[in-house]
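Participant:
In the numbering used here, the protein residues as written are 5 to 219.
1. Using alpha carbons as the reference points, say which of 113, 153 and 214 lies closest to residue 64.
2. Along the beta strand (DSSP E) that carries residue 193, what are the first and last residues, could you check?
3. With 16 as the cutoff for other CB atoms within 10 Å, does residue 199 come out buried or exposed?
4. Let me know the secondary structure DSSP gives residue 156 once reduced to three states.
5. Suppose contacts are defined by Cβ-Cβ distances below 9 Å. Is residue 45 in contact with residue 53 by that definition?
6. State the CB to CB distance for the pair residue 106 and residue 69, rounded to an integer number of angstroms; the pair is presumed to be in contact (CB under 8 Å).
7. Give every residue of the same chain whose Cβ lies closer than 6 Å to the Cβ of residue 79, excluding the five residues on either side of it in the sequence, and list them in chain order.
8. Check whether the Cβ atoms of residue 91 and residue 35 sit closer than 9 Å, and answer yes or no.
9. Compare the Cα-Cα distances from residue 28 to each of 170, 123 and 55 and report the closest residue.
10. Comparing C-alpha positions only, which one of 15, 33 and 67 sits nearest to residue 25?
11. On the three-state DSSP scale, how would you describe residue 92?
12. Starting from residue 120 and walking both ways along the alpha helix (DSSP H), at which residues does that stretch end?
13. Below 8 Å CB to CB, which residues in the same chain sit around residue 190 once its five sequence neighbours on both sides are set aside?
14. Measure the alpha-carbon distance for residue 55 versus residue 133 and round it to whole angstroms.
15. Does residue 66 come out as helix, strand or coil in the three-state DSSP assignment?
16. Going by C-alpha to C-alpha distance, which of 175, 209, 219 and 147 sits closest to residue 42?
17. Could you give the distance in angstroms between the alpha-carbon of residue 86 and the alpha-carbon of residue 205?
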């Protein structure tokens with residue numbers, strides 16, 4: 005496992021008292037954590053405007069994001085393969101805006117090569133901020149959508165949904181798990197896993213859950 009913010013001293017910090025597993029984040033979007041706020045902000049402004057992103061009603065979409073997001077590989081508008089796509093802010097924004105279900109579908113050739121989505125990705129302008137306006141860290145982002153009729157819509161996201169300090173809603177977490185696990189365990193099997201997880205506090209043993217996970 006690797007991280008761009010690795011701090012080995014934290015491995016023993018509060019050993020036996022502080023449980024970092026309680027600070028795990030779960031990403032709602034299938035992309036790098038650095039661009040989650042940008043994707044959420046852009047998706048939200050398009051929803052606010054109530055437009056079809058494919059019909060060309062918008063004159064421009066500006067995402068103001070951390071400086072690193074404005075550089076390669078994050079700024080790559082037309083990623084050619086899955087690895088590039090998971091780091092591409094324009095691609096991730098387009099997938100969220102077009103309503104493509106987060107997960108493997110974001111990286112299929114049909115979407116990577118879709119010309120309508122590609123033109124939308126080309127229209128996204130990335131601008132950097134200094135991070136000074138954020139109270140909670142470096143990943144805050146804003147989006148401004150300009151329509152051809154003169155209307156504009158803005159959205160700021162200080163902490164992306166799914167961050168450890170802004171957890172996904174319980175229903176959203178369940179939906180994500182069911183969507184990803186059902187292909188392996190089936191719908192009923194995935195639901196049974198959830199039921200067993202919620203019952204752990206009163207369970208005498210974790211073996212029933214482990215049997216479900218192992219299959």
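Note that CB positions come from ideal geometry on N, CA and C, so glycine has one too.
Facilitator: Per the coordinate set shown:
1. 153
2. No beta strand (DSSP E) contains residue 193, which is instead part of the alpha helix (DSSP H) from 174-202.
3. exposed
4. strand
5. no
6. Going by Cβ atoms, the distance from residue 106 to residue 69 rounds to 19 Å, so no, they are not a contact pair.
7. 130
8. yes
9. 170
10. 15
11. coil
12. 119-127
13. none
14. 27 Å
15. strand
16. 147
17. 39 Å
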